[in-house]
Every structure is written in C-alpha cells, then in structure tokens.
Amino acid sequence: MILADGGEGERATSFGGLVAELIAGLERSLEEKCGLAFADGSPSQHLFLANNTSFVLSRAADADVTSLLGDEWAARHRSRLEQHTARYLQASWGPVVACLETAGGKPAKALAKFNAVFDEMHGSQEQKYVKLDKSVRYTVDDVAQSLSELFEGDAALLCT
Numbered sequence: 039m040i041l042a043d044g045g046e047g048e049r050a051t052s053f054g055g056l057v058a059e060l061i062a063g064l065e066r067s068l069e070e071k072c073g074l075a076f077a078d079g080s081p082s083q084h085l086f087l088a089n090n091t092s093f094v095l096s097r098a099a100d101a102d103v104t105s106l107l108g109d110e111w112a113a114r115h116r117s118r119l120e121q122h123t124a125r126y127l128q129a130s131w132g133p134v135v136a137c138l139e140t141a142g143g144k145p146a147k148a149l150a151k152f153n154a155v156f157d158e159m160h161g162s163q164e165q166k167y168v169k170l171d172k173s174v175r176y177t178v179d180d181v182a183q184s185l186s187e188l189f190e191g192d193a194a195l196l197c198t
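The sequence shown begins at 39 in my numbering and counts up by one.
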C-alpha cells in the first residue's frame, strides 16, 4: 500500500512525501556515482553535484512539483546548490586567487605565480567533459514521459 489511510498504527504518507523520497533516492545514487567517478575533494565533484542539483530544481519547477514538495524542500535544494557552487569555486579557483595576495612580497613574483597557476587551472577546466556511462539507460525524454504518466496517468490505461 503506497498511501495509507492514516488509521490507527498507520503513518499517513503524502504523495509529496513519496515524490520527495523518490528524488532523494535518485540524489543518493548520483552522490554515490560521483564518489566513484571523482577523487575526494575534486573541483569536478562539486561541479557535478551543483549541476545535478540545479537540474533537479529546474525540472521540479518546470513540472510544477515544487508546490507539491513545499517551499522548505526548494529552499534546502537552493542552499545545497549554493554550497556545491561555493565549494567548486574554492577548490578550483581559490588557489589562483590566493596567488594575488602579496603580503609584503614582490608583486612581480606574485603575478608570475598567478599566471602559472591560472594557466594550469584554465587548461584543466577547459578540457572538462563528461563521458556518458554505459549504465545510462534512459534519455531525459524517457524519464520525463514516465514522470508525466506518474503524475497525470497513462491515457491508454485511463480509457480502458
């Protein structure tokens, strides 16, 4: 039984709660795959998680599911997106910015170090691409269609 009637001893589970649990499960799966794909603390790890969190927020808004999930859910995900973005910026570009702090040192030396670190980071970021894993089984359209059927019902089943 997916939805309980809230009777004695049964916990009433809202449809929004079930959708939130489904999304949370998908996010846990992404985090596990992220941990396997990237070294711990890698800037790419944070970029991957920020990108996927942004995608979830965008799709939830497009499907008008945020009203079902609630403002608190959306706020938590926006906060998570901001955290991943900040961690990405700090892990990737923080060392570059740190080179600009001369603290009584010679500006020419700091600038030379900045140029070297910037060129290295720029080169590594410019070459980023993500290969599709062999385990990808569904296209975005497939998932969208399945979710649409979940929320709206399958027209073929409704007519029979």
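Backbone N, C-alpha and C define an ideal beta-carbon position, used for all residues, glycine too.
Predicted, not measured: the structure shown is a model, and the values here were computed from it.
Nearest CA to the CA of residue i: which residue from the options?
| i | options | result |
| --- | --- | --- |
| Arg118 | Val94, Val134 and Val135 | Val94 |
| Ala148 | Ser80, Met159, Phe53 and Leu138 | Leu138 |
| Gly108 | Gly54, Thr177, Phe156 and Lys71 | Gly54 |
| Ser162 | Glu65, Pro81, Ala124 and Ala136 | Pro81 |
| Ile61 | His115, Gln165 and Phe156 | His115 |
For residue i and residue j, what's the separation of their Cα atoms in angstroms?
| i | j | result |
| --- | --- | --- |
| Gly74 | Lys151 | Per the sequence shown, residue 74 should be read as Leu rather than Gly. Taking the straight line joining both Cα atoms gives about 33 Å. |
| Glu187 | Asp179 | 12 Å |
| Ser96 | Asp102 | 10 Å |
| Leu185 | Ser92 | 18 Å |
| Lys144 | Ala154 | 16 Å |
| Phe189 | Glu110 | 21 Å |
| Glu120 | Tyr126 | 10 Å |
| Phe76 | Phe86 | 9 Å |
| Val134 | Gly142 | 18 Å |
| Glu59 | Thr123 | 24 Å |
| Asp100 | Glu65 | 18 Å |
| Ala136 | Asp78 | 21 Å |
| Gln183 | Thr177 | 10 Å |
| Glu158 | Ala146 | 18 Å |
| Gly132 | Gly63 | 32 Å |
| Phe156 | Lys71 | 29 Å |
| Gln2 | Ser52 | With the chain covering 39 to 198 only, the question about residue 2 has no answer from this structure. |
Taking C-beta to C-beta, are residue i and residue j nearer than 8 Å?
| i | j | result |
| --- | --- | --- |
| Thr104 | Ala98 | yes |
| Leu68 | Asn89 | no |
| Leu106 | Val57 | yes |
| Ala129 | His160 | no |
Going by DSSP, what residue range makes up the alpha helix (DSSP H) through residue i?
| i | result |
| --- | --- |
| Cys72 | Phe53 to Ala75 |
| Gln165 | From DSSP, Gln165 is part of no alpha helix (DSSP H); its letter is neither H nor E. |
| Glu120 | Asp109 to Ala136 |
| Ala182 | Val178 to Glu190 |
| Asp102 | Counting along the chain, Asp102 falls outside any alpha helix (DSSP H), and DSSP gives it neither H nor E. |
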